[in-house]
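Here is the structure we will look at, set down as structure tokens.
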Amino acid sequence: MSDKATNAHKDEFAPPALRGFEPAEFTKTIDSLTQWAMRYMDSLQDRDVSQAIEPGQIGAMLPDEPPREGMEAQQWDQVIEDIEQIVEPGLMHWQSPRFFAYFPCSSSMPGVMGEFVASVLNVNGMLWSTSPSVTEIEMKMMDWCAQMFGLPDVFRFDCDLGGGGCIQGTASEAAVAALVAARKKKVKSGRDRSTMTVYTSTQAHSSILKAAMITGLADDPEDQSRVRLIGVDKHLRMDADALMQAIREDIAAGLTPCLVSTTQGTTSTGAFDPLKAIGEELAKLPEADRPWLHVDAAWAGAAAVCEENRFVLDGVEAADSLCINPHKWLLTNFDCDLFWVRDRKALTDSMSITPAYLRNAESESGAVIDYRDWHVPLGRRMRALKLWFVIRYFGIDGLKEHIRHHIELAKVVEAFVHAEPRLSMATDRSLGLVCFRVIGESELTERLIERVNDRRRVMISHTVVPIMDEGNRPESIFDRWVARVAVGASGVRRKDIDELIVEISAALDEVIQ
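When you read off a place in the sequence shown, starting at 1, and then add 987, the result is the number in my numbering.
Take a look at the structure:
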């Protein structure tokens, strides 16, 4: 082919990736998706929270082979029809105002728009140099949030005290980053990684155990040779005395306490470990023996945006790292975990590797932050954009109102439990989380939860709590089922709480004849 012909081909060839981005076609596609989105959101008030689906049912609705030819623009109507007929029926509707299970998965209009803009831009912020806006907006959002939650200055970039933060995907990723940093710090001090131990409570999230497995400190969830699951008190908070005893015993045995992870708002019951007391006790240890203190405030930390809830982070000044998830309770679409460290060099030392193809003048000058060194992935999305949009749109006052609204609704559920003679609070209400049980055998609570969820109008979840002996100490994890109502759906209103109460009452009548 001649050069002239080759050039003509280049001029005439339209890259397949640009199909659909013509202004008229793109606008029409976005409009049709917007119409679907509004139909879906409007339908959540009336539709059940979930549908009965058998394993494999959704997959069977898709073709066995991928399409050989692409589709025309007008066929987007078929895609939307498939969303409504294939995707939606197979969902548990986490955005339903009557979704009270697990913890919420926040969403809002500015959060959606932030995701949309980030997808259009579709840049890789692995280095400052590959998209300075990605890094610098994220740094500013981390500092904004540190101010909003009342965190110590050491966690802020703008205070230049050596700390800072980044956005991880989830609290589980933050736990891995914290443990890798803690391990590296001990190795640099001359400790043998084969002697390192990790400490958390029996009520902690499974992410700590998973982090131990990923980093080689545990072979499986049952391997506790180097993972210490510390007992809890009658309020299901980590026993600080038992923690310190375990640490001292391990030091005496020649082991290296590497990381302590406290939970401020446990997944099961919203319990708060005594962070302040733990921090004070750890500070008494010789520096060489002192473990890294990680704070998991994934759910409850967002409540600290309200001054009256700052108790949730009481003692955080002792922390080496901290995580809070705006995607749980701060109207920011999944995924978005805020992860701060006191000493960012301790983290980047554990994650940094620089092949020739990533070297650049800005990074080597030391004047910029390269977020690739703050987590496991190299590539990274522009997650900070949606957080920026959310904070700008609602403002701090709007976010406070959002949190307070949910807590007030949770108080309504709490009052119902106290007034219902067949029910009992399993633990004190924790912010927007209410845990209760049916008085009597544990099986009654299990059956209640099944009946409520089988009716599909609302969704709640369960946990299992320890039985206390006469000395108010847990003697074992027993099959004492507890129902969890987590008030946190973005659009929940008082009428949804009233419907929840109706559903629980009806299920109670069926369970207790």
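Note that beta-carbon positions come from the ideal geometry of N, C-alpha and C, so glycine has one too.
Using a C-beta cut-off of 8 Å, the segment 1272-1285 makes contact with the segment 1304-1322, since at least three inter-stretch Cβ pairs fall below that distance.
Exposure of Thr1014 is indicated by the presence of fewer than 16 other C-beta atoms within 10 angstroms of its C-beta.
Out of Ala1291, Pro1097, Pro1054, Val1074, the CA that lies nearest to the CA of Tyr1380 is found in Pro1097.
Taking 8 Å as the cut-off, the Cβ atoms of Lys1373 and Glu1102 count as close.
In summary, Asp1220 is buried, with 16 or more beta-carbon neighbours lying within 10 Å of its beta-carbon over all protein chains present. Residue burial annotation: Phe1090 is buried, with at least 16 other C-beta atoms found within 10 angstroms of its C-beta. Excluding its 5 nearest sequence neighbours in each direction, Val1099 has C-beta neighbours in its own chain below 7 Å: Asn1320, listed in chain order.
Approximately 5 Å separates the beta-carbon atoms of Leu1242 and Thr1182; this is inside 8 Å, confirming the contact. Across the structure, Leu1495 and Arg1180 are spaced so that their CA atoms are roughly 53 Å apart. Bounds of the beta strand (DSSP E) holding Thr1249 are 1243-1250. Bounds of any alpha helix (DSSP H) do not take in Asp1283; it lies within the beta strand (DSSP E) bounded by 1279-1283.
In this structure Ser1352 is exposed. Its beta-carbon is surrounded by fewer than 16 other beta-carbon atoms within 10 angstroms.
Secondary structure note for Gln1155: its beta strand (DSSP E) is the uninterrupted segment 1151-1155.
When the Cα atoms are used, His1389 and Asn1347 turn out to be separated by approximately 44 Å.
When the alpha-carbon of Ser1492 is set against those of Ala1105, Ser1337, Asp1360, Leu1410, the nearest one is in Leu1410. According to DSSP, Asp1324 shares a beta bridge with Gln1155. If you look at Phe1142, you'll find it isn't in any alpha helix (DSSP H); DSSP assigns it neither H nor E. In this structure, Phe1086 lies near Ala1476, with their beta-carbon atoms less than 8 Å apart. Under the 10 Å beta carbon count, Glu1490 is surrounded by 16 or more other beta carbons and is classified as buried.
Here Met1058 carries a coil assignment [DSSP, helix/strand/coil]. Cβ contact annotation for Ala1191 (same chain, cutoff 6 Å, sequence separation greater than five): Thr1250, in chain order. Burial check for His1314: the Cβ neighbour count within 10 Å reaches 16 or more, so the residue is buried. Across the set Asp1485, Glu1267, Leu1431, the C-alpha of Leu1431 shows the shortest separation from the C-alpha of Gln1500. The alpha-carbon of Gly1151 is positioned some 24 Å away from that of Ala1199. A direct Cα-to-Cα measurement between Arg1213 and Val1163 gives close to 16 Å. In this structure, the CA atom of Asp1336 is about 8 Å from the CA atom of Ala1168.
Between Arg1026 and Ser1083, the alpha-carbon positions lie close to 13 Å from each other. With a beta-carbon spacing of about 4 Å, Ser1095 and Leu1318 fall inside the 8 Å limit used to define contacts.
When only Cα atoms are considered, Ser1019 and Glu1056 end up about 22 Å apart. Residue pairing of Ser1448 in beta bridges, as defined by DSSP: Arg1471.
Less than 8 Å separates the beta-carbon of Trp1316 from that of Ser1093. In this structure, Met1129 lies near Trp1327, with their beta-carbon atoms less than 8 Å apart.
A residue is called buried once 16 or more other Cβ atoms fall within 10 Å of its Cβ, and Met1058, having fewer, is exposed. Residue ranges of uninterrupted beta strand (DSSP E) with 3 or more members, entirely inside the segment 1176-1205 and ordered along the chain, are 1183-1188. Taking C-alpha positions only, Ser1350 is separated from Ile1067 by approximately 45 Å. Counting along the chain, no alpha helix (DSSP H) covers Cys1092, and no H or E run does either.
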